[in-house]
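Taking it in order: structure first as structure tokens, then the write-up.
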Amino acid sequence: MIGFLLWIGFEQGASLGQDQVPRVCVVLGAPGEPLYGDMFQQWAQSWSESSQGTTVQWIGPVNPAQVSPAQVSPAQLGVVDGTSDRERLKAWIDRVEQVPDERTYWLVLMGHGTHDGKITKFNLQGSDVSAQELGQWLSGSKHRWVIAVCGSSSGPFLAALSHPNRVVIASTKSGSESNFSRFGGFFAQSISDPESDLDHDRAISVLEAFVSASRRTQRYYEDNQWLATEQAILDDNGDGKGTPADFYRGLRLIKRSEEGKVDGLLARGVWLKEPFQREGLSSEDKSLIEQLEKRLDDLRAQRSSMDSRRYYAELEEVFLQMARILYPASR
Numbered sequence: 082m083i084g085f086l087l088w089i090g091f092e093q094g095a096s097l098g099q100d101q102v103p104r105v106c107v108v109l110g111a112p113g114e115p116l117y118g119d120m121f122q123q124w125a126q127s128w129s130e131s132s133q134g135t136t137v138q139w140i141g142p143v144n145p146a147q148v149s150p151a152q153v154s155p156a157q158l159g160v161v162d163g164t165s166d167r168e169r170l171k172a173w174i175d176r177v178e179q180v181p182d183e184r185t186y187w188l189v190l191m192g193h194g195t196h197d198g199k200i201t202k203f204n205l206q207g208s209d210v211s212a213q214e215l216g217q218w219l220s221g222s223k224h225r226w227v228i229a230v231c232g233s234s235s236g237p238f239l240a241a242l243s244h245p246n247r248v249v250i251a252s253t254k255s256g257s258e259s260n261f262s263r264f265g266g267f268f269a270q271s272i273s274d275p276e277s278d279l280d281h282d283r284a285i286s287v288l289e290a291f292v293s294a295s296r297r298t299q300r301y302y303e304d305n306q307w308l309a310t311e312q313a314i315l316d317d318n319g320d321g322k323g324t325p326a327d328f329y330r331g332l333r334l335i336k337r338s339e340e341g342k343v344d345g346l347l348a349r350g351v352w353l354k355e356p357f358q359r360e361g362l363s364s365e366d367k368s369l370i371e372q373l374e375k376r377l378d379d380l381r382a383q384r385s386s387m388d389s390r391r392y393y394a395e396l397e398e399v400f401l402q403m404a405r406i407l408y409p410a411s412r
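If you count the sequence shown from 1, position 163 lands on 244 in this note's numbering, and the numbers rise without skipping.
What follows is the structure, encoded as structure tokens:
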């Protein structure tokens with residue numbers, strides 16, 4: 082099987098111009114055992130299917146047959162040049178940082194992780210990458226990031242990568258959760274599964290995929306009558322603490338942390354493929370929509386302390402403002 086594996090990074094999608102950089106990077110870690118290698122290939126295939134029409138940088142032991150061969154030309158496969166997966170990952174991030182305009186980039190790592198009490202690493206083919214190193218590589222980035230570290234012992238990556246303009250997901254809550262993590266497979270499925278569309282807008286946000294994948298992970302352990310050995314967490318408010326999926330009912334936050342800081346507001350408004358209603362909107366209009374969605378959350382949180390008539394009047398006004406932006410013909 083190794084003869085069929087591509088042990089280098091390559092790009093999926095249309096040919097890239099000089100200034101274009103794949104906006105999604107999927108990294109497969111060192112599998113260790115054939116069973117995990119096959120599993121990682123299936124996860125990669127799910128990401129390939131979900132990212133149709135999007136340029137993707139693949140890094141690691143990826144089987145080209147698993148990642149939409151119709152979109153991958155021989156010229157895109159490159160040649161073996163001795164560059165390690167760690168170096169390829171750093172090179173892609175460096176290319177991203179050369180893009181002048183702010184964009185949203187996705188980095189998905191799927192594999193195994195290790196934690197020795199001080200240093201947390203994601204296992205790559207060749208030299209590994211630590212949480213601190215990845216945090217340094219992304220330090221000062223002007224772009225919005227969605228980063229999912231799907232592997233055992235991945236919890237410490239959350240604090241290392243946390244930033245107000247980032248959605249960071251880790252498969253485990255702590256570094257001590259060292260058993261094999263299955264969340265990455267369910268996250269790969271959920272990012273394009275219509276069942277994950279909790280708000281029925283025909284698009285899957287990062288928050289929806291996170292909640293759906295977490296529930297599927299929990300169900301997997303329950304169905305097998307096993308004690309769950311992983312709990313995924315999401316951070317998008319920059320405090321580095323993270324929130325598990327059981328804090329949400331659908332997309333609505335039903336629990337509050339002791340610090341009272343909310344995660345999920347940014348993740349709810351980021352998609353691999355945007356809802357059709359937002360296509361063609363200016364950056365200003367998208368920003369307004371995000372502000373209005375934040376206002377909706379604030380209103381719902383204040384409902385118990387508000388007069389009913391005032392609550393519904395303000396709710397109606399927010400919905401009307403959103404409709405004027407999303408459906409200009411209604412103005």
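We treat Cβ as the ideally placed atom computed from N, Cα and C, and that holds for glycine.
The structure presented is a predicted model; accordingly, all values stated were derived computationally and were not measured.
Query, Result
"Straight-line Cα distance separating T201 from T195", "6 Å"
"Assigned secondary structure, D316 (DSSP; H/G/I helix, E/B strand, else coil)", "strand"
"Beta strand (DSSP E) runs wholly inside the region 100-144, at least 3 long, in chain order", "105-109, 137-140"
"Between the CA atoms of A313 and S295 - distance to the nearest angstrom", "7 Å"
"Pair within 8 Å by beta-carbon distance, V189 and V107", "yes"
"Minimum C-alpha distance to R263 - residue among E289, T298, S273", "T298"
"Terminal residues of the beta strand (DSSP E) in which Y186 lies", "185-191"
"Minimum C-alpha distance to G232 - residue among F261, R184, Q133", "F261"
"Which of helix, strand or coil DSSP assigns to T298", "helix"
"Member of G345, A382, S127, G319 whose CA lies at the smallest distance from the CA of V143", "S127"
"For L315 and D274, believed in contact at Cβ under 8 Å, the rounded distance", "D274 to L315, Cβ: 18 Å. No contact."
"Reduced DSSP secondary structure (H/G/I, E/B, other) of A309", "coil"
"Cα-Cα separation, S364 to E114", "46 Å"
"Straight-line Cα distance separating V230 from V105", "14 Å"
"Where D327 falls, given that 16 or more other Cβ within 10 Å makes a residue buried", "exposed"
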